[in-house]
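*Asks:* Heads up: the sequence lines are chains B and X, in that order.
Read in the working numbering, the first sequence has 287 at position 22, and its numbers run on one by one without any break.
Read in the working numbering, the second sequence has 93 at position 52, and its numbers run on one by one without any break.
Note that the Cβ used here is the ideal one computed from N, Cα and C, for glycine as well.
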Amino acid sequence: MHLPEAEQLIATLADKMRPQVTPETCLVGIHTGGVWLAERLHALLGLSEPLGSIDVSFYRDDYSAKGLHPQPRGSKIPFDVEAAHIVIVDDVLYTGRTTRAALNELFDYGRPARVDLAVLIDRGGRELPIAASFCALTLPTPLPAGQNLQLERDASGALTMRLIHA
Amino acid sequence: MRNPQLNKHGELQHLLTLDGLPRGIITQILDTAAPFTEVAEREVKKLPLLRGKSVFNLFFENSTRTRTTFEIAAKRLSADVINLNVATSSTKKGETLLDTVDNLCAMHADMFVVRHESSGAPHLIAQHLQNTGRDHIHVVNAGDGRHAHPTQGLLDMYTIRHYKKEFHNLTVAIVGDVLHSRVARSQIAALTTLGVPEVRVIGPRTLLPTDVEKMGVRYCATMEEGLKGVDVVMMLRLQNERMNGALLPSPQEFFKVWGLTADKLALAKPDAIVMHPGPMNRGVEIDSAVADGNQAVILPQVTFGIAVRMAVMSMLGSH
Chain B
266 MHLPEAEQLI ATLADKMRPQ VTPETCLVGI HTGGVWLAER LHALLGLSEP LGSIDVSFYR
326 DDYSAKGLHP QPRGSKIPFD VEAAHIVIVD DVLYTGRTTR AALNELFDYG RPARVDLAVL
386 IDRGGRELPI AASFCALTLP TPLPAGQNLQ LERDASGALT MRLIHA
Chain X
42 MRNPQLNKHG ELQHLLTLDG LPRGIITQIL DTAAPFTEVA EREVKKLPLL RGKSVFNLFF
102 ENSTRTRTTF EIAAKRLSAD VINLNVATSS TKKGETLLDT VDNLCAMHAD MFVVRHESSG
162 APHLIAQHLQ NTGRDHIHVV NAGDGRHAHP TQGLLDMYTI RHYKKEFHNL TVAIVGDVLH
222 SRVARSQIAA LTTLGVPEVR VIGPRTLLPT DVEKMGVRYC ATMEEGLKGV DVVMMLRLQN
282 ERMNGALLPS PQEFFKVWGL TADKLALAKP DAIVMHPGPM NRGVEIDSAV ADGNQAVILP
342 QVTFGIAVRM AVMSMLGSH
């Protein structure tokens, strides 16, 4: 499968979000790819609120099956969630379970006015009624379960999307 | 024989002692605790990790702080917590320890937090659970006799790492009644496992185990010798209730020689931290000016204790 350039997708995603955000919009990246992506979007969209990040390890629904992540990084929400417009940012949207976990976690900080979801790629295969508000690319056919899409960052900070066959 | 604290995949099954616990597991507990410290600052101070699980606080010996922090930790992980003050219940009527445990298992316990005046009691419970095929039930030692108090040792390590970042360049002094102290045994085990190059114990010879040097520590006969240049001072409580016989002349005499005062603390490095597991005997092992001074990290220890207990319970509850 041919994957488009991640940098190209980021520009597309920022263009789609621009009409819907204000300088007060808060971004929350999901570890790890979503945090890198959120940093880029934050700069491209000229947002003023500090960036948030979420590690969903403590909210996953497969905790009892898979156990705890050996090195959880924790979450940082450096703004007031109450009545905020928040965009959850992740690199890839798949089953929707990560998004659900992030939503649950976010609501433990307060009651946002509105929450959107921004992703680079929707790979299909949803298991929950969750959809992205902003998406740079929706794959025409869902990616098979054995394969994984993953955002990677090199030493210079450039982002690339990689396809991994499990 | 397999380490009774680990399951066949090498994961933490019970937390009974820090003696013999692999360095990797200790570090994993400290790493896991770090993000839990932030939960207390949220609007909803709860994580769903132990939702639907029942944690039994089984305290055969009195304790307020430890029981409370275990209770808070379990509740912040969304567990149901049942506190049993066994000192005033069935045991008084003659029920054995393992009968009590079996009865609580019949009530679908998922975890026992055990404090007992006899060394080895939590280990006995863990072994009983294993022998009866109840591997899904976990035991946390909350202090047994003179043996071990692993979560106290872990929260002390967390505190040291928080203030000093690394272990490999530290000199640590443990002061006071090591003989009666399960806290000291857990501290020594953790400090040596984590690679602290010099651990000193300071105290009257009557309050030190006879073979204390075999624990990998250096004995110092005076405060002046022991505190010189240390990075961390770990005070111990003088355990009057565990003493039988005349080991000490008087608390006042003890304070004069072994009590931590500002003068004695000045021998340590200027940025040395002062720790105490509580409850403190002011004017016996520690002077108020030091306990309330800016080098004391005694209250942060209590706060970190909650995060460390959350880490232990969430790691146990994940399998």
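Should X/Asp72 be flagged as near chain B, meaning a C-beta pair shorter than 8 Å?
*Replies:* Yes, its Cβ sits closer than 8 Å to a Cβ of chain B.
*Asks:* To be precise: take each residue of the segment 42–58 of chain X, compare its Cβ to all Cβ atoms of chain B, and keep it if any distance is under 8 Å. Which residues remain?
*Replies:* Answer set for the segment 42–58 of chain X: Glu52.
*Asks:* Given B/Pro269, which residues of its chain have a CB within under 7 Å of its CB, disregarding the five upstream and five downstream residues?
*Replies:* Here the set comprises Leu402.
*Asks:* Should B/Asp373 and B/Thr363 be called a contact, given that it needs their Cβ atoms to be closer than 8 Å?
*Replies:* Not closer than 8 Å, so no.
*Asks:* CA-CA distance, X/Val180 and X/Leu99?
*Replies:* Straight-line Cα distance between these residues: approximately 10 Å.
*Asks:* So X/Asp197 and X/Met275 are in contact, right, with Cβ under 8 Å, and what is the actual spacing, rounded?
*Replies:* Sure, about 7 Å apart at Cβ, within 8 Å.
*Asks:* Return no unless some Cβ of chain X is closer than 8 Å to the Cβ of B/Pro343.
*Replies:* By this cut-off, B/Pro343 is not an interface position.
*Asks:* Does chain B have any CB closer than 8 Å to the CB of X/Leu196?
*Replies:* Taking Cβ atoms only, chain B never reaches closer than 8 Å to X/Leu196, which makes this a no.
*Asks:* Considering only the alpha carbon of each residue, which of X/Phe101, X/Lys116, X/Ser227 and X/Thr110 lies closest to X/Val142?
*Replies:* Answer by Cα proximity: X/Phe101.
*Asks:* Quick one: grab the DSSP three-state call for X/Asn44.
*Replies:* If DSSP states are grouped into helix, strand and coil, X/Asn44 belongs with coil.
*Asks:* Taking contact to mean at least 3 C-beta pairs separated by less than 8 Å, is the segment 56–75 of chain X in contact with the segment 378–396 of chain B?
*Replies:* No, because fewer than three Cβ pairs between the segment 56–75 of chain X and the segment 378–396 of chain B fall closer than 8 Å, the two stretches do not touch.
*Asks:* Note down, in chain order, all residues in the segment 76–105 of chain X with a beta-carbon under 9 Å from any beta-carbon belonging to chain B.
*Replies:* Cβ contacts with chain B: Pro76, Phe77, Thr78, Glu79, Val80, Arg83, Glu84, Val85, Lys86, Lys87, Leu88, Pro89 and Leu90.
*Asks:* Grab the span of the alpha helix (DSSP H) containing B/Phe399 for me, first residue to last.
*Replies:* Note, B/Phe399: premise wrong, no alpha helix (DSSP H); beta strand (DSSP E) at Phe399 to Thr403.
*Asks:* Just how far apart, CA to CA, sit B/Ala431 and B/Arg418?
*Replies:* Those two C-alpha atoms are separated by around 20 Å.
*Asks:* Run through DSSP, which three-state label would B/Gln415 get?
*Replies:* Three-state DSSP puts B/Gln415 in a strand.
*Asks:* Please state the DSSP three-state secondary structure of X/Val219.
*Replies:* Coil at X/Val219, not helix or strand.
*Asks:* Who are the neighbours of X/His360 on chain B, taking C-beta pairs under 7 Å?
*Replies:* Here the neighbours are Gly332.
*Asks:* My guess is that X/Thr107 and X/Arg43 are in contact by the Cβ rule of under 8 Å, so how many angstroms apart are they, rounded?
*Replies:* Going by Cβ atoms, the distance from X/Thr107 to X/Arg43 rounds to 28 Å, so no, they are not a contact pair.
*Asks:* Please confirm whether B/Asp327 has its beta-carbon closer than 8 Å to some beta-carbon of chain X.
*Replies:* Chain X, which has no Cβ nearer than 8 Å to the Cβ of B/Asp327, makes this no.
*Asks:* Classify X/Val85 as buried or exposed, calling it buried when 16 or more other Cβ atoms lie within 10 Å of its own Cβ.
*Replies:* It is exposed - the Cβ of X/Val85 has fewer than 16 other Cβ atoms within 10 Å.
*Asks:* State buried or exposed for X/Lys255, treating a residue as buried only when at least 16 other CB atoms are found within 10 Å of its CB.
*Replies:* By the neighbour-count rule (16 or more Cβ atoms within 10 Å), X/Lys255 is not buried but exposed.
*Asks:* On the criterion of 16 or more Cβ atoms from any shown chain inside 10 Å, does X/Asp140 qualify as buried, or is it exposed?
*Replies:* X/Asp140 is exposed by the Cβ-count criterion.
*Asks:* In the DSSP assignment, the alpha helix (DSSP H) including X/Ala81 goes from what residue to what residue?
*Replies:* Neither: X/Ala81 is in no alpha helix (DSSP H) and is coded neither H nor E.
*Asks:* Mind listing the chain X neighbours of B/Pro335? Cutoff is C-beta to C-beta under 7 Å, in chain order.
*Replies:* Going along chain X in sequence order, the residues near B/Pro335 (Cβ under 7 Å) are Gln69.
*Asks:* Residues of chain X with CB closer than 7 Å to the CB of B/Gly375, please, in chain order.
*Replies:* Under the 7 Å cutoff, chain X gives Glu84.
*Asks:* So that I know if they touch, is there some Cβ in chain X lying closer than 8 Å to that of B/Tyr324?
*Replies:* Taking Cβ atoms only, chain X reaches closer than 8 Å to B/Tyr324, which makes this a yes.
*Asks:* According to DSSP, B/Asp381 sits in a beta bridge with which residue or residues?
*Replies:* In the DSSP output, where bridge partners are listed per residue, B/Asp381 has B/Val352.
*Asks:* Just checking: is the beta-carbon of X/Ser119 within a distance shorter than 8 Å of some beta-carbon in chain B?
*Replies:* No, X/Ser119 does not count as interfacial toward chain B.
*Asks:* Considering Cα atoms alone, identify which of X/Leu138, X/Asp252, X/Lys116 and X/Tyr204 is closest to X/Met272.
*Replies:* Reading off the sequence, residue 272 of chain X comes out as Asp, not Met. Selected option, being the one with the closest Cα: X/Tyr204.
*Asks:* Are the segment 290–307 of chain X and the segment 223–241 of chain X touching by the rule of at least three beta carbon pairs closer than 8 Å?
*Replies:* Too few Cβ pairs lie closer than 8 Å, so no.
*Asks:* Please identify the residue among X/Asp218, X/Pro292, X/Asn126 and X/Leu279 whose C-alpha is closest to the C-alpha of X/Tyr260.
*Replies:* Nearest option by C-alpha distance: X/Asp218.
*Asks:* Give the interface partners of X/Ser329 over in chain B, defined as CB-CB distance under 7 Å, in chain order.
*Replies:* None at all; the shortest Cβ gap to chain B is about 36 Å.
*Asks:* What is the C-beta distance between X/Thr109 and X/His188, in whole angstroms, given that I count them as a contact (C-beta under 8 Å)?
*Replies:* That pair is no contact at about 22 Å.
*Asks:* From what residue to what residue does the beta strand (DSSP E) around X/Phe97 run?
*Replies:* Unbroken beta strand (DSSP E) run through X/Phe97: Ser95 to Phe100.
*Asks:* Under 7 Å, CB to CB, which of the residues in the segment 348–381 of chain B have a partner in chain X?
*Replies:* Cβ contacts with chain X come from Asp373, Tyr374 and Gly375.
*Asks:* Using only alpha-carbon positions, find the residue among X/Asp176, X/Asn172, X/Leu289 and X/Gly267 that is nearest to X/Val325.
*Replies:* For the residues X/Asp176, X/Asn172, X/Leu289 and X/Gly267, the minimum Cα distance to X/Val325 belongs to X/Leu289.
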